[in-house]
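Everything below concerns the one structure shown next.
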Amino acid sequence: MSLFVTELRRLAKRRLTRLLLVLLVLGLAGVATAFSFSSHKLSKEIVAEAQVKADTQYRESVEQWKKTVADCDAAVARGDQSTEERYGPNCGRDWMPQPEMFDPKWNLPYQFDFRAEFPMFIAVFAGAVALFAFLVGASFVGAEWASGGMMNLLLWRPKRLAVLGTKLAAVLTTTLGVSIVLGGLWTLAFWLIGTYRGSTAKMTAGAWQSIGLDGLRAVGIVLLIGAAAFGLASLGRHTAMALGAAVAVFGISEVAIRIAVGVLGVSFGDRYLLSTYAQAWFMKRVELLDYRVCDFAKGECHPAELLITWQDSALVFGLGGAAVLVAAFWMMRRRDIA
36 MSLFVTELRR LAKRRLTRLL LVLLVLGLAG VATAFSFSSH KLSKEIVAEA QVKADTQYRE
96 SVEQWKKTVA DCDAAVARGD QSTEERYGPN CGRDWMPQPE MFDPKWNLPY QFDFRAEFPM
156 FIAVFAGAVA LFAFLVGASF VGAEWASGGM MNLLLWRPKR LAVLGTKLAA VLTTTLGVSI
216 VLGGLWTLAF WLIGTYRGST AKMTAGAWQS IGLDGLRAVG IVLLIGAAAF GLASLGRHTA
276 MALGAAVAVF GISEVAIRIA VGVLGVSFGD RYLLSTYAQA WFMKRVELLD YRVCDFAKGE
336 CHPAELLITW QDSALVFGLG GAAVLVAAFW MMRRRDIA
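In terms of this note's numbering, the numbers along the sequence shown are unbroken and rise by one, the last being 373.
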């Protein structure tokens with residue numbers, strides 16, 4: 036039996052892997068189920084009811100306006116000098132409600148639009164699976180180092196880099212399989228929600244291609260996070276190393292740097308935050324604006340602009356992930372295993 040198949044089986048049989056997979060499935064199923072109840076398909080009856088409600092609101096507003104004008108006229112006839120303050124100029128006659136002020140759409144319940152909104156749920160899916168990949172990747176190699184299993188394996192197969200690479204391949208293969216299977220079910224679930232409780236209009240071949248590319252980016256970031264967690268845990272020989280590094284990166288990027296750029300007045304400070312690149316990765320682009328160049332006393336202002344694209348995100352995340360893995364394999368080659 037090959038080492039790769041053995042590692043795949045060992046990873047699949049770990050209780051933590053199975054527990055995390057069950058929690059992931061339950062969590063995603065819960066989100067999809069709860070969301071399905073919030074969406075309502077807009078039938079002709081519902082649209083007609085919304086129109087009737089808008090017309091009723093318009094008539095009630097007109098009646099209220101007429102009453103207000105009449106009250107103002109009566110106050111003027113009595114010699115009241117404060118009518119302009121209370122009712123406005125000309126007793127508010129210029130403020131008569133108009134039909135376009137009462138849009139029937141405001142009375143409609145929420146309807147899920149698959150084409151417009153599903154990309155956001157791809158990001159939600161990626162976040163959940165990325166957490167699974169992080170914990171599985173870090174714990175798999177971290178537990179091996181902490182328990183001494185790595186040393187025993189290297190006695191049987193002394194090729195260090197091959198062993199570590201095979202374990203990484205097992206983690207990435209498992210993560211990829213989970214992402215593909217659950218991603219397909221996730222897409223099917225929201226397609227059914229759109230079909231029966233929402234809208235799937237305008238789903239052209241181009242729209243499906245865009246969703247497919249969004250899915251590829253989601254899988255890419257999931258694999259990157261799983262690989263980075265694996266590398267960090269291998270560097271520290273413990274799962275806690277990856278967890279600690281994740282907390283440190285979050286604290287530095289989202290707290291310390293955010294405070295520092297704000298205090299120092301750095302232009303486009305958000306370009307130094309990892310969350311900006313994560314947002315650009317899923318949204319394809321993020322436009323940052325700098326209003327510091329504006330002098331609002333002079334009137335209209337055109338702030339400076341900086342565009343962050345998904346290609347920039349790929350460069351940042353790719354270099355970061357590659358650095359962690361190179362360091363992990365370099366340390367594996369040079370360190371004392373005993």
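Every residue gets a Cβ at the ideal spot worked out from N, C-alpha and C, and that includes glycine. Every value quoted in this text rests on a predicted model; they were computed, and no experiment measured them.
* Does the distance from the CB of residue 79 to the CB of residue 232 come in under 7 Å? -> no
* Quick one: Cα of residue 303 to Cα of residue 339, how far? -> 9 Å
* With 16 as the cutoff for other CB atoms within 10 Å, does residue 107 come out buried or exposed? -> buried
* Where do the ends of the alpha helix (DSSP H) carrying residue 293 lie? -> 292-299
* alpha helix (DSSP H) segments (min. 4 residues) lying fully within the region 260-288 -> 274-285
* **Simplified DSSP state of residue 236, which is helix, strand or coil** => coil
* To do: Might you give, ordered along the chain, the residues of its own chain that have their beta carbon closer than 6 Å to the beta carbon of residue 111, omitting 5 neighbours on each side?
  => 118
* Quick one: measure Cβ to Cβ for residue 201 and residue 322, integer angstroms, because I've assumed they're closer than 8 Å. => That pair is no contact at about 43 Å.
* Within the chosen definition, does the region 342-351 reach the region 310-318 through at least 3 CB pairs nearer than 8 Å? -> yes
* Use the C-beta contact count for residue 252: other C-beta atoms within 10 angstroms, 16 or more gives buried, fewer gives exposed. => buried
* How is residue 322 classed by DSSP in three states: helix, strand or coil? -> strand
* Thinking C-alpha only, which one of 204, 116, 268 and 222 is nearest residue 154? -> 222
* Asked: According to DSSP, is residue 308 helix, strand or coil?
  -> coil
* residue 95 - DSSP class collapsed to helix/strand/coil -> helix
* Whole-angstrom distance between residue 139 and residue 121, CA atom to CA atom -> 31 Å
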